[in-house]
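Protein chains: 2
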Amino acid sequence: MTRYARLISELINRSDGHMTAEQIFLELKNTEPKVVQATVYNNLNALCRDGLIRRLSVEGSPDRYDKIQKHDHLVCKKCGSLSDISLNDLTDDLERQLGGGIISYDLKVFYLCPKCRDSQ
Amino acid sequence: MTRYARLISELINRSDGHMTAEQIFLELKNTEPKVVQATVYNNLNALCRDGLIRRLSVEGSPDRYDKIQKHDHLVCKKCGSLSDISLNDLTDDLERQLGGGIISYDLKVFYLCPKCRDSQ
DNA sequence: CTTCTATTTTAGAATTATTCTAATTATAAT
DNA sequence: ATTATAATTAGAATAATTCTAAAATAGAAG
């Protein structure tokens, strides 16, 4: 594990998650002024590949990177804002329905966040 | 509903889904040679906004567009290939856990497709 | 059926996110 | 120290999508 990989992984796991590559790059640059975007992308890809972080594809926004620890997401249908939730684990249920072979799953629940609900 | 909006919506609902904007554009061009990419993007955005199709964000691939009719997705962790599955509906369960306010949800189940499983 | 207005479409430039390439630097192994 | 391997850099390149302004079209009102 290289210096930058470690720093990026720590940053993502320490943060409240959901950071874009750009945000990670800017944050990292505060302490590591020489770092460059390609390095951030390289490391994010490697960390995802190795299962140390997870990538979150979000409509209308660049990919986000999140801690690996299992949790689900609540996504505002209107503004796209994200928050973490912990729902009952579905793995066993999915295994039963699909007959095994499941690696993981990604569950996004859409709703209207308080701000968007109020303003409409 | 304009001419192109209708054609695009029909195309997506007729297809087996999971088409990218590019694929839709090329397909549409067969019968409508004057159509242009921006029109396809404009209409896809409008159709998503109005709930007539749904957008599917997939890692490592441009957004895909799918029929609205409820179903879940099986995604190969390795090659990213997509297939439709019909799992038990979670809405009631989610409503119960979250206390209401749910609009919809998106469930992707990751596995290794037969091709990728065999080749590794 | 004309005129007016609003919306859609077009063409192509612009922007954004991400990857690629080749050179350089750092790390680890002998 | 020397070599081999992998990581990082800089910046160009690519891919996906959006924007802009002009032109075309459709629908409403007379």
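Going down the list, the sequences are from chains A and F. Take 1 as the starting number for the first sequence in this note's numbering and just add one per residue. Take 1001 as the starting number for the second sequence in this note's numbering and just add one per residue. Even glycine gets a Cβ: it sits at the ideal position worked out from N, Cα and C.
Margin query: Assuming the contact rule is C-beta atoms closer than 8 Å, Leu122(A) and Leu87(A) should be a hit. Round their C-beta distance to whole Å, please.
Written below: For chain A, the structure presents residues 1 to 120; residue 122(A) sits outside this window and is missing.
Item checked: Asp1089(F), DSSP secondary structure in three states -> Within the second sequence, the letter at position 89 stands for residue 1089(F). It is coil, neither helix nor strand.
Next item on the list: Name the two residues that bound the continuous beta strand (DSSP E) containing Val75(A).
Entry: To locate residue 75(A), count along the first sequence from 1; it is residue 75. Its beta strand (DSSP E) spans residues Asp72 to Cys76.
Margin query: One question on the structure: do Leu1044(F) and Ala1021(F) come within less than 8 Å of each other, judged by their Cβ atoms?
Written below: Walking along the second sequence from the start, residue 1044(F) turns up at place 44. Walking along the second sequence from the start, residue 1021(F) turns up at place 21. Their beta carbons are under 8 Å apart, which means Leu1044(F) touches Ala1021(F) by this criterion.
Margin query: Let's test the definition: count the other Cβ atoms within 10 Å of the Cβ of Ser1119(F) and tell me whether it reaches 16, buried, or not, exposed.
Written below: Taking the first residue of the second sequence as 1, we reach residue 1119(F) at position 119. By the 10 Å Cβ count, Ser1119(F) comes out exposed.
Notebook entry, point to check: From which residue to which residue does the beta strand (DSSP E) around Ser1061(F) run?
Noted result: Residue 1061(F) sits at position 61 when you count from the first residue of the second sequence. Taken as a continuous stretch (DSSP letters only), Ser1061(F) belongs to no beta strand (DSSP E), as it is neither H nor E.
Margin query: Restricting to Cα atoms, I'd like to know which of Leu1028(F), Leu1074(F) and Gly1080(F) is closest to Val1040(F).
Written below: If you number the second sequence from 1, residue 1040(F) lands on position 40. That would be Leu1028(F), whose Cα lies nearest to the Cα of Val1040(F).
Note to self: Any beta carbon of chain A sitting closer than 8 Å to that of Leu1027(F)?
What the structure shows: In the second sequence, residue 1027(F) corresponds to position 27, counting from 1. The displayed chain sequence assigns Glu, not Leu, to residue 1027(F). Chain A, which has no Cβ nearer than 8 Å to the Cβ of Glu1027(F), makes this no.
Next item on the list: Following the continuous alpha helix (DSSP H) through Lys1029(F), name the residue where it begins and the one where it ends.
Entry: Counted from its first residue, the second sequence places residue 1029(F) at position 29. Ala1021 to Thr1031 is the span of the alpha helix (DSSP H), which, as asked, contains Lys1029(F).
Checklist line | For Lys1067(F) and Lys1034(F), the rounded distance between their alpha carbons | finding: Start at 1 with the first residue of the second sequence, and residue 1034(F) comes out as number 34. Start at 1 with the first residue of the second sequence, and residue 1067(F) comes out as number 67. So the two alpha carbons sit approximately 25 Å from each other.
Next item on the list: Under 7 Å between beta-carbons, which chain A residues line up against Ser1104(F)? List them in chain order, please.
Entry: Numbered from 1 along the second sequence, position 104 holds the residue referred to as residue 1104(F). Those are Phe110, listed as they occur along chain A.
Checklist line | Short-range partners of chain F found in the segment 48–59 of chain A, where Cβ spacing is below 7 Å | finding: Arg55, Ser57, Val58 and Glu59
Next item on the list: Out of Lys1115(F), Cys1116(F), Arg1003(F) and Val1109(F), state which residue places its alpha-carbon closest to the alpha-carbon of Val1058(F).
Entry: The sequence position of residue 1058(F) within the second sequence is 58, counting from 1. For Val1058(F), the nearest C-alpha among the options comes from Val1109(F).
Note to self: Tell me the rounded alpha-carbon separation between Thr2(A) and Ser9(A).
What the structure shows: For the purposes of this step, residue 2(A) is taken as residue 2 along the first sequence, with counting starting at 1. For the purposes of this step, residue 9(A) is taken as residue 9 along the first sequence, with counting starting at 1. Rounded to whole angstroms, Thr2(A) to Ser9(A) spans 11 Å at the Cα level.
Notebook entry, point to check: What does a CB cutoff of less than 6 Å around His1073(F) pick up in its chain, not counting 5 residues either side in sequence?
Noted result: Taking the second sequence and counting its residues from 1, the one referred to as residue 1073(F) is at position 73. Result list for His1073(F): Leu1082 and Lys1108, in chain order.
Notebook entry, point to check: Do you know whose CA, among Ile1012(F), Gln1069(F), Leu1052(F) and Cys1079(F), lies nearest Asp1089(F)'s CA?
Noted result: Position 89 of the second sequence, counted from the first residue, corresponds to residue 1089(F). If we check each option's Cα against that of Asp1089(F), Gln1069(F) comes out closest.
Notebook entry, point to check: Could one say the Cβ of Leu87(A) lies closer than 8 Å to chain F's Cβ atoms, at least one of them?
Noted result: What you label residue 87(A) is simply residue 87 of the first sequence in a count that begins at 1. Leu87(A) counts as touching chain F.
Check: Less than 8 Å separating the beta-carbons of Tyr1105(F) and Gly101(A)?
Finding: Along the second sequence, one-based indexing puts residue 1105(F) at 105. Along the first sequence, one-based indexing puts residue 101(A) at 101. No.
Next item on the list: Using a Cβ-Cβ cut-off of 8 Å, state whether Leu94(A) counts as contacting chain F.
Entry: Counted from its first residue, the first sequence places residue 94(A) at position 94. So, interface residue.
Notebook entry, point to check: Cys1076(F): which of Asp63(A), Arg64(A) and Ile103(A) sits nearest, CA to CA?
Noted result: In the second sequence, the residue the question calls residue 1076(F) occupies position 76. Nearest C-alpha to Cys1076(F): Ile103(A).
Notebook entry, point to check: For Val1040(F), which beta-bridge partners are listed by DSSP?
Noted result: Here residue 1040(F) corresponds to residue number 40 of the second sequence, with the count starting at 1. Val1040(F) is not bridged to any residue.
Next item on the list: Can you grab the Cα-Cα spacing for the pair Glu32(A) / Asn13(A), in whole Å?
Entry: For the purposes of this step, residue 32(A) is taken as residue 32 along the first sequence, with counting starting at 1. For the purposes of this step, residue 13(A) is taken as residue 13 along the first sequence, with counting starting at 1. Approximately 18 Å between the Cα atoms of the pair.
Note to self: Quick check: the Cα distance between Cys982(F) and Tyr1004(F), rounded to an integer number of angstroms?
What the structure shows: For residue 982(F) there is no data in the structure shown, the boundaries of chain F being 1001 and 1120.
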